[in-house]
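Read in order, the letters of the sequence shown are residues 34 to 207 in this note's numbering. Step one of this worksheet: look at the structure below.
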Amino acid sequence: MSQTTMIEVLQASEPLPKLAEKLQVFGQFVGSWDARVVNYNPDGSTQTVEAEWHFGWVLEGRAIQDVWIAPKRSLRVAGENTSGDYGATLRFYDAKINAWRSTWVGPVKGNVIPFIARKIKDEIVLEGKLETGNEVKWIFSEIEKESFRWRFIESNDGWKSESKVQEMFCRRTK
């Protein structure tokens, strides 16, 4: 199968009509975004990087896939090893559990993280567990048509305490 054919069969132009309303939880992000990413290090220091995040309809409009790139492509130097990340998430609504199933695949750092996501008030909260056993939450908040905030928090003691790992401030570009 050619690369063009692969993209054609993966990509969808819109949500599947019978799922359109449920799919809007993540469908509202379809398009391209610039992100200012703040990484919070265990020693209390921070590192900031500019990233890009692209969301689109896939699998006959039954799911939403995103690709996250940090640093953004325009800041990368070809052939150089960067300390950034590059990965994809596939998300779909599962009526059996009235929630979203979502899986992050990050080949740069060797991560595969499954999540269950639900809309809770004005936020979208994805809950999962790392291979270390630590529990994690990815939270979309302050969601507007042209911007949103995203947080990654982690706990190693069943949420008696938590630490902020990463935060992104995103602005729509397309």
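Using N, Cα and C, we set each Cβ at its ideal position, and we do this for glycine too. As the structure is a prediction and not an experimental result, all values here were calculated from the model.
Rounded to whole angstroms, what's the CA-CA distance from Glu177 to Arg184? Just pull it up for me. 16 Å
Might you give, ordered along the chain, the residues of its own chain that have their beta carbon closer than 6 Å to the beta carbon of Trp171, omitting 5 neighbours on each side? Leu159 and Phe185
Can Ala121 and Pro104 be called in contact, C-beta distance under 8 Å? no
For Thr37 and Val100, the rounded distance between their alpha carbons: 18 Å
Hey, Trp90 and Glu47 are a contact pair by Cβ (cut 8 Å); roughly how many whole angstroms apart? 6 Å
Answer yes or no: do Trp66 and Arg151 have a C-beta to C-beta separation smaller than 8 Å? Their beta carbons are not under 8 Å apart, which means Trp66 does not touch Arg151 by this criterion.
Can you list, in chain order, the residues of its chain with a C-beta nearer than 8 Å to that of Ser194? Leave out the 5 residues immediately preceding and following it. Ser188.
Starting from Glu54, follow the alpha helix (DSSP H) in both directions and report where the run begins and ends. Ala53 to Gly60
If I'm right that Gly94 touches Leu43 with Cβ under 8 Å, what's the distance once you round it to whole angstroms? Going by Cβ atoms, the distance from Gly94 to Leu43 rounds to 11 Å, so no, they are not a contact pair.
Assuming contact is defined by CB atoms lying nearer than 8 Å, are Ile146 and Leu123 in contact in what I supplied? 8 Å or more divides the Cβ of Ile146 from the Cβ of Leu123.
Taking Cβ to Cβ, would you say Gly161 is nearer than 8 Å to Phe148? yes
3 or more residues per run - each beta strand (DSSP E) lying fully within the segment 130 to 206: Whole beta strand (DSSP E) segments, 3+ residues: 132 to 139, 144 to 153, 156 to 162, 168 to 174, 180 to 188 and 196 to 205.
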